[in-house]
Amino acid sequence: MNNLGRTAAQLLEEKSVALVLGFEEGSKGPRPFFCRKAEDAGRLILDERCNHNLATYLTKKELIGTDRVALTAHLPALRTILQLSAENQLSEDRLIVLTTNEKGEAVRFDRFEEISQYLADRPLELDPSDQKLIADLRKMTREERWNFWMAEMNKCVKCYACRAACPLCYCTRCVVEVNCPQWVQSWSAPLTNMEWQINRVMHMAGRCVGCGACKRACPVGIPIHLLTQSMMEDLNNEFGVVPGTPNEAGNVLSTYKVEDKENFIK
Amino acid sequence: MMENLHISKRGLEKWLTQMIEADMHVFGPVHTSEKVDFQRLTSSEEVATDYVQTTQSVKRFAFPKAEVLFSYQKNGKETTLEEPDLKQIPETVLWKVRPCDVAGFAPLSGIFNWDYTDKFYNARREKLILISFSCTTCDEACFCTSVHGGPGNTAGSDIQITELPDGSVLVEVLTEKGSSIVKRFVTESEPAGEWVKENYLADVPVRFNREELHQKLATAFDSSVWKEQSERCLGCGVCAFVCPTCACFDIQEDAKGSSGRRIRCWDSCGFSLFTLHTSGHNPRTTQSARWRQRILHKFSYMPDRLNQTGCTGCGRCSRACPVDMNILEHLTSIANHG
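Chains V and C, in that order, are what the protein sequence lines are.
Residues 83 to 348 (this note's numbering) make up the first sequence, in order.
Residues -3 to 334 (this note's numbering) make up the second sequence, in order.
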């Protein structure tokens, strides 16, 4: 059994946690695994192929319950946990986070502050090929960019896999589910699909940790992660929000100050 | 079977080219960035070759993701209704459909003609000409042979084409529709002669017995298996939307002042909103209850009501699921359970 498996087995045996959220070998690579028994801990793996962001499950109360759980996490999930914690969605006393460092050693975090320290010298590095795509999109004229995204939105089937896979889309009632009256048109058509994505991206402003779960979940291959990642750049320039790190002054969309300028309203 | 032909690689390309040049609506599998999906063909060279299955099924050609049922205009006490002219739907050739996709139209037709004859679905379905290609390759997600299908299943196809190792093809002309296409567009062909189609088909092993599974499901409603299987399910709609037989829909109003449109659009029993009552009560509160519904609907309720299985073993849902909810794995575990 690997280091991580041993640590997880011990936690389950001691009853320190009721559940270890991890990965197991699946039918097409690693997949999320809800490990509840110490004897199953040998199935746990955590390698570079484990790219699903398991923090998605932490806000699903019906799955997690009220017991303490452990979660195996790579850097994107660690960043997510800090963001969720900044939004008061996680209780430090009910979560143990396990990762493996660059040397392959199991690392255990009991406090969010420890995760913060661990991430301090591991800043967010976005995929250079994605950065190039964003730069290419920025070079386009507004009309070209609109046409590019409308062609992509035409492929969208509105399955909401982008929302389901995103660990920071945790609203118990999403804006698209507000149907008395219907706020966002629920059928799939290029413009209503774009409307959904604009909603998603605005709500992600300064919160997205750049894990790419939305892109990987999209069944029709729309590069929707470019929208939120492009927003990171804007927010860094406009508000000094450091990508992948909770903003100390609060989330940009939900923070208001009396002295905020309103000169952009024309 | 009406007629078997043997056509050279060049002859096949010519056939497709002639249909495209005759301005017919011909759709086929095309590489779109990292995926393969059906698109209107503009040349025979666009047709994808190195793939097992398209990401999405062809159900949208009879059951679009969103379609207008009628539009209206209110003028005082008068209301004018306008219905779409279904006669305008063009004849559409689906080129290189897999047998498991063709098989999806039987359960879809069962649903859309169950207690009500749906003129929208039927009008579109009647205009489809299905030219299937038998499967010479398969992957781990395929299980057509477990649900009474197969890599060379011709049921529902108008024509079935089997690719032979030398690039030439064996053509089975199966219906009048198929025969008229061949008469109109095939200029180079010879009688099929000695070719044995079965020698060239993919080997898709039978993984479970459909009838045994049906019996097990009859008493499985309260089984713990649903919760165990569905814990990682995220509750998105990918599986339902790529499925060739899933037919759940919602009816929505696109109203603007005194005019509007009524729209039918895809929905999924995997969404939490799907069964939410106006009272606020939701009979399927958990994802495990929704997953159970998905499996029972396909393998228990549909066989009972429509004498159809709501699954063709195409494996799309397993391939597309972001968290590897593998339907074959789940079905075999139920079939072998207790």
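Glycine included, every Cβ here is placed at the ideal spot set by N, Cα and C.
- Taking the Cβ atoms as the reference, lysine 10 of chain C lies roughly 7 angstroms from glutamate 184 of chain C, within the contact range of under 8 angstroms.
- Using a Cβ-Cβ cut-off of 8 angstroms, glycine 303 of chain V counts as an interface residue toward chain C, since at least one Cβ of chain C sits closer than that to its own.
- Going by DSSP, tyrosine 200 of chain V is part of no beta strand (DSSP E) but of the alpha helix (DSSP H) stretching over 194 to 202.
- A Cβ of chain C is located within less than 8 angstroms of the beta carbon of leucine 145 of chain V.
- Following the DSSP letters along the chain, one finds isoleucine 85 of chain C in no beta strand (DSSP E), marked with neither H nor E.
- From the listed residues V:Ala243, V:Pro114 and V:Arg88, the smallest Cα separation to cysteine 296 of chain V is found for V:Ala243.
- Look at asparagine 333 of chain V here: in three-state DSSP terms it is coil, with no helix or strand label.
- Counting of Cβ neighbours within 10 angstroms places alanine 299 of chain V among the buried residues, the total reaching 16 or more.
- In this structure, valine 143 of chain C lies near glycine 309 of chain C, with their beta-carbon atoms less than 8 angstroms apart.
- Taking the beta carbon of alanine 331 of chain C as reference, no residue of chain V falls within 9 angstroms; the closest one sits roughly 17 angstroms away.
- For secondary structure counted as the alpha helix (DSSP H) over 4 or more consecutive residues, the region 157 to 240 of chain V holds these complete runs in sequence order: 157 to 168, 194 to 202, 210 to 221 and 224 to 237.
- In the DSSP secondary-structure assignment, isoleucine 247 of chain C is bridged to C:Arg260.
- Identification of chain V residues near proline 318 of chain C by a Cβ-Cβ cut-off of 7 angstroms yields Ala243, Ala247, Arg298 and Ala299, ordered along the chain.
- Membership of tyrosine 68 of chain C in the beta strand (DSSP E) is indicated by the continuous run 62 to 71.
- Chain V places a beta carbon closer than 8 angstroms to that of asparagine 322 of chain C, counting this residue as a contact.
- Spatial neighbours of leucine 317 of chain V in its own chain (CB-CB distance under 7 angstroms, excluding positions within 5 residues in sequence) are listed in chain order as Ala287, Gly288, Val323 and Val334.
- The alpha-carbon of glutamate 234 of chain V is positioned some 17 angstroms away from that of glutamine 311 of chain V.
- With distances taken between CA atoms, isoleucine 259 of chain C lies nearest to C:Asp250 out of C:His326, C:Trp222 and C:Asp250.
- Per DSSP, the unbroken alpha helix (DSSP H) holding glutamate 208 of chain C starts and ends at 206 to 213.
- When DSSP states are grouped into helix, strand and coil, serine 255 of chain C belongs to the strand group.
- In this structure, leucine 82 of chain C sits near phenylalanine 116 of chain C, with a CB-CB distance shorter than 8 angstroms.
- Relative to the Cα of alanine 58 of chain C, the nearest Cα in the group C:Arg312, C:Ala243 and C:Val202 belongs to C:Ala243.
- Taking C-beta atoms as the reference points, leucine 250 of chain V and leucine 308 of chain V fail to come closer than 8 angstroms.
- The criterion of a C-beta distance shorter than 8 angstroms is satisfied by cysteine 232 of chain C and alanine 246 of chain V.
- DSSP places asparagine 0 of chain C in the uninterrupted beta strand (DSSP E) bounded by -1 to 3.
- Of all residues in the region 94 to 110 of chain V, the ones placed with a Cβ closer than 7 angstroms to any Cβ belonging to chain C are Gly108, Ser109 and Lys110, in chain order.
- Chain V places a beta carbon closer than 8 angstroms to that of cysteine 261 of chain C, counting this residue as a contact.
- DSSP places lysine 193 of chain C within a helical segment (H, G or I) once states are collapsed to three.
- The beta-carbon distance between arginine 290 of chain C and glycine 266 of chain C, rounded to whole angstroms, is 6 angstroms. This is short enough to meet the 8 angstroms contact definition.
- Neighbours of alanine 216 of chain C in chain V, taken as residues at a C-beta separation under 7 angstroms, are lacking, since the least C-beta distance is about 21 angstroms.
- The way I'd put it, the region 223 to 240 of chain C does touch the region 304 to 320 of chain C; three or more beta-carbon pairs between them come closer than 8 angstroms.
- Any Cβ of chain V closer than 8 angstroms to the Cβ of glycine 7 of chain C would place that residue at the interface, and such an atom is absent.
- Judged by DSSP secondary structure, proline 279 of chain C falls outside any beta strand (DSSP E); it is assigned neither H nor E.
- Inclusion of alanine 137 of chain V and alanine 159 of chain V in the CB contact set at 8 angstroms is warranted, their separation being smaller than that value.
- For valine 239 of chain V, the nearest beta carbon of chain C is closer than 8 angstroms to its own beta carbon.
- For the region 190 to 215 of chain V, the beta-carbon criterion of a distance under 9 angstroms to any beta-carbon of chain C is satisfied by none of its residues.
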